[in-house]
Amino acid sequence: MSGHSKWANIQHRKGRQDAKRGKLWTKIIREVTVAARAGGSDPDANARLRLAWDKATAANMPKDTIQRAAARGAGGSDGVNYEEVRYEGYGIGGAAVMIDCMTDNRTRTVAEIRHVLSKNGGNLGQEGSVSFMFKHCGQFFFAPGTSEDRVMEAAIDAGADDVSTDDDGMIEVVCAPADYPAVKASFDAAKLTSEVQGLTMKALSETELSGEDAEKMQRILDALEALDDVQDVYTTAAFDEAQ
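In my numbering, each number is its position in the sequence shown, counted from 1, plus 387.
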């Protein structure tokens, strides 16, 4: 067991995202719009839209707002064509970062990301420089006190790859991206509600940071997430104490 609390880190990150709900909603609306443009406005027939729709619901976005974004995307009426691009780099203490963006101007986006990293002690890397440190997967976190037996039964029945419980009692379930809808449906049917869920880039190993290094790394993550073109930021950094 590492020297930090993964559950505390998850709660801390979720709290920071909730505090920036307006910004989060803007990013999710963009995600819904792009997904609907690519595969139509029906979430039952568009797996990517279903994921974005679930993310919007988890962020307490009103249903009519989600529906309008999907309809706008499917109709191509928003007038902006977004391109998906991923950037890789390093933060403090060798901690890796992967930044997923949706942008209508790559030149602007990469300049903003490079500025944030260099200003705060990090640097932008080449494509492939840190991607090997992450695994694309579906991930669910259940709060301490949730029945491990019930979670494990529902997860295994739906084809999940791994179920683990840490010293805090938090339960983590990992599955292949293609199995994510089935695993989520299995949890819903069992009336098991995860605290955090979604498709993610899971760090294969972690870089533990504390004190001033942790504060500097948190500033990098906050600054990256504040950029309009940034959708998601993944990192190998783990904080001994919530910053």
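We treat Cβ as the ideally placed atom computed from N, Cα and C, and that holds for glycine.
Residue i - DSSP class collapsed to helix/strand/coil
i      : result
MET604 : helix
ASP555 : coil
LYS589 : strand
THR622 : strand
VAL503 : helix
ALA613 : helix
GLN630 : Bear in mind that the predicted position of GLN630 carries a pLDDT of just 47, short of 50, making it too unreliable to give a figure here.
GLU599 : helix
THR494 : helix
Rounded distance between the beta-carbons of residue j and residue i, thought under 8 Å
i      : j      : result
LEU436 : ALA457 : 6 Å
ALA443 : VAL419 : 6 Å
MET604 : GLY478 : 5 Å
MET588 : MET489 : Not really, about 16 Å apart at Cβ, beyond 8 Å.
PHE527 : PHE574 : 7 Å
VAL503 : ILE607 : 7 Å
LEU511 : ARG495 : Not confirmed; about 14 Å, so no contact.
ALA461 : SER428 : 4 Å
THR623 : GLU593 : 6 Å
Option in the options with minimal Cα separation from residue i
i      : options                           : result
MET557 : ALA610, THR580, ASP487 and GLN454 : THR580
LYS393 : SER573, PHE574 and ASP555         : ASP555
LYS410 : SER428, ASP431 and ASP619         : ASP619
ILE453 : ALA423, ASP536 and GLU475         : ALA423
ALA482 : TYR469, ALA545 and SER518         : SER518
Local Cβ density within 10 Å of residue i, reported as buried at 16 or more and exposed below that
i      : result
THR413 : exposed
VAL467 : exposed
LEU591 : exposed
LYS578 : exposed
ALA565 : exposed
GLY525 : buried
GLY598 : exposed
query: Enumerated in chain order, which unbroken segments of the beta strand (DSSP E) with a length of 3 residues or greater are wholly contained in the segment 399 to 485?
result: 470 to 477
- request: With a floor of 4 residues, list each alpha helix (DSSP H) that falls wholly inside the segment 511 to 551, ordered by position along the chain.
  value: Here the runs fully enclosed are 535 to 544.
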